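Residue numbers (the numbering used here), protein chains in the order written: chain A, 7 to 305; chain B, 38 to 249.
Glycine included, every Cβ here is placed at the ideal spot set by N, Cα and C.
Since we're looking at a predicted model, the values are computed, not measured.
Single-structure report; data block below.
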């Protein structure tokens with residue numbers, strides 16, 4: 007069973023950890039070296055945690071579990087006006103990133119009001135490309151209950167935040183974080199962010215359970231490694247994270263029209279990537295989406 | 038300065054009270070405002086806000102915001118307090134016409150056919166009120182929910198009043214709001230500590246554990 011970890015420490019001798027992870031059959035997901043600091047995220051077999059911990063202690067770094075590593079999460083704000091952004095959406099997104107997730111903040115065009123709130127087809131498609139959506143709502147119970155109807159038929163798990171402490175069927179609701187004009191600084195406020203991250207974790211676990219009924223023959227982080235090695239131009243992509251790992255796939259930040267053939271011809275363990283996955287065009291900027299097929303679908 | 042927010046949903050009213058407090062602090066308007074009253078009708082929905090400005094703010098005169106030198110057929114004027122410049126220019130253009138008042142530089146004017154004493158005698162207490170009202174309006178539009186696109190300005194008798202909704206606003210709504218506002222304000226029975234509750238925690242938390 008693979009588990010995800012984040013390593014933070016000095017860059018001196020970080021190769022030692024990288025080599026150990028590779029020897030144990032793990033995968034390096036991201037490796038960022040800022041001057042003397044190293045920030046490495048990786049997946050490794052959970053039974054070898056003691057080995058890794060010993061190595062980390064030796065090079066005097068810190069290691070923690072990253073439950074949200076390898077997920078792409080949409081944080082949805084009703085608009086991009088100063089009434090809603092930056093607080094508290096940026097706090098939520100920042101907190102999810104600390105737990106290893108990749109987040110995208112999405113401002114809706116017409117998400118305002120109670121009767122007038124709506125979500126259009128393109129926004130819905132962009133949101134459904136993510137693994138989980140975190141939706142920020144307001145301060146009034148009735149408004150939240152009525153407004154949630156517009157978002158109820160999203161195909162991905164939904165985590166909703168709002169100020170009143172209520173329960174909403176069909177989604178994970180976390181109270182205490184409504185339309186607030188300040189940054190969350192106090193410990194009690196940070197606890198709410200922790201609650202939201204825990205809610206997202208629950209949603210991710212549920213999604214992973216669904217996938218584990220018919221898992222893909224090759225895990226997505228292996229696919230990511232191979233795409234990085236075999237598609238040369240991804241190294242020259244100007245996007246900050248050119249390859250984004252999702253629970254059951256990848257987002258490759260290259261134009262679909264030019265590169266989808268090359269991506270589908272990537273060879274992994276005797277398969278072509280096109281055979282074991284569905285390669286789609288992303289609604290957002292024509293990028294490439296790879297969605298892994300279940301084992302039963304692969305001949 | 039007092040802030041009152043009322044609604045049948047107390048949690049929401051408390052949130053708007055906090056929002057108003059924060060908007061006032063952000064624009065540093067605490068000295069200019071005596072009272073803020075907010076009423077939110079959830080059924081309609083309607084948002085009503087009434088602000089009582091502070092009348093005792095020190096009055097300014099022309100000598101505080103400009104420097105004037107006489108020049109035979111007219112005067113040269115430099116606006117030293119820039120925040121009043123747009124309102125002052127508007128006033129001078131209305132009074133003397135655009136041909137006689139020429140803006141040489143951003144804060145530098147030439148006015149023909151007037152003397153220094155004429156200009157000094159102009160009453161400018163209105164400028165101060167205009168500037169204050171503009172700031173207060175800015176604050177109001179930071180508080181009103183962005184979805185409430187239909188707004189009506191009901192300001193009169195020195196009170197700044199706005200009503201906003203996402204649905205059309207009828208005369209009856211306004212009358213109902215006026216009736217509610219004529220009652221003395223009620224204090225909220227809850228506090229933010231009832232919503233964001235303190236939790237038990239260890240006194241010592243390792244650095245990394247404190248933020249993840």
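Counting the other CB atoms within 10 Å of its CB gives residue 184 of chain B a total of 16 or more, which places it among the buried residues. DSSP places residue 77 of chain B within a strand segment (E or B) once states are collapsed to three. Residue 205 of chain A and residue 245 of chain A have their C-alpha atoms some 29 Å from each other. Between residue 76 of chain B and residue 214 of chain B the beta-carbon gap is near 7 Å, inside 8 Å, which marks them as a contact. Taking C-beta separations shorter than 8 Å and ignoring five residues to either side along the sequence, the partners of residue 55 of chain B in its chain run 229, following chain order. Take the alpha-carbon of residue 28 of chain A and the one of residue 120 of chain A: they are about 52 Å apart. Of all alpha-carbon atoms in B/62, B/188, B/182, the one lying nearest the alpha-carbon of residue 185 of chain A is that of B/182. The C-alpha of residue 100 of chain A is placed about 13 Å away from the C-alpha of residue 191 of chain A.
Straight through space, the alpha carbons of residue 46 of chain B and residue 261 of chain A are spaced by roughly 50 Å. Taking CB atoms only, residue 79 of chain B has a neighbour in chain A less than 8 Å away. Contact fails between the stretch 128-136 of chain A and the stretch 144-153 of chain A, because fewer than three Cβ pairs, one in each stretch, are under 8 Å apart. DSSP places residue 290 of chain A in the coil class of the three-state scheme, outside both helix and strand. Under the DSSP assignment, residue 133 of chain B falls outside any beta strand (DSSP E), being part of the alpha helix (DSSP H) whose first and last residues are 122-133.
For residue 32 of chain A, same chain residues with a beta-carbon under 6 Å away, outside a window of 5 residues either side, are 48, 49, 50 in chain order. Along the length of the stretch 226-290 of chain A, whole beta strand (DSSP E) runs at least 3 residues long occupy 249-252, 255-258, 283-287, reported in chain order. Per DSSP, the unbroken beta strand (DSSP E) holding residue 45 of chain A starts and ends at 43-51.
Of all alpha-carbon atoms in B/91, B/236, B/83, the one lying nearest the alpha-carbon of residue 39 of chain B is that of B/91.
For residue 197 of chain A, the nearest CB of chain B lies under 8 Å from its own CB, placing it at the interface with that chain. Using a Cβ-Cβ distance cut-off of 8 Å, the stretch 287-295 of chain A and the stretch 59-75 of chain B are not in contact, since fewer than three pairs of beta carbons, one from each stretch, lie closer than that value.
For residue 24 of chain A, the three-state secondary structure derived from DSSP is helix.
Judged by pairs of C-beta atoms under 8 Å, the stretch 112-123 of chain B touches the stretch 140-150 of chain B, as three or more such pairs exist. For chain A, the residues of the stretch 214-239 of chain B that bring a beta carbon within less than 8 Å of one of its beta carbons are 232, 233, 234, 235, 236, 238, in chain order.
The three-state reading of DSSP puts residue 38 of chain A in strand, counting E and B together. Between residue 11 of chain A and residue 70 of chain A, the alpha-carbon positions lie close to 6 Å from each other. The DSSP-derived three-state label of residue 218 of chain A is helix. With a cutoff of 8 Å on beta-carbon distance, residue 156 of chain B and residue 99 of chain B are scored as near each other.
The Cβ neighbour count for residue 44 of chain B, taken over all protein chains shown within 10 Å, is at least 16; the residue is labelled buried. Note that the stretch 100-117 of chain A does not touch the stretch 52-63 of chain A; fewer than 3 beta-carbon pairs, one per stretch, sit closer than 8 Å. When the beta-carbon positions are compared, residue 168 of chain B and residue 120 of chain B come within less than 8 Å of each other. With 16 or more other CB atoms across the displayed protein chains lying within 10 angstroms of its CB, residue 80 of chain A is buried. Within chain B, the C-beta atoms nearer than 9 Å to that of residue 118 of chain A come from 182, 183, 184, 185, 186, 203, in chain order.
DSSP assignment within the stretch 133-205 of chain A yields the following whole beta strand (DSSP E) runs of 3 residues or more, N-terminal first: 138-142, 164-168, 178-181.
Put simply, the backbone Cα of residue 211 of chain B is about 15 Å away from that of residue 220 of chain B. The beta-carbon separation of residue 140 of chain A and residue 167 of chain A, rounded to 7 Å, stays under the 8 Å limit for a contact.
For residue 111 of chain B, the uninterrupted beta strand (DSSP E) run begins and ends at 111-116, by DSSP.
With fewer than 16 neighbouring CB atoms inside 10 Å of its own CB, residue 216 of chain B falls in the exposed class.
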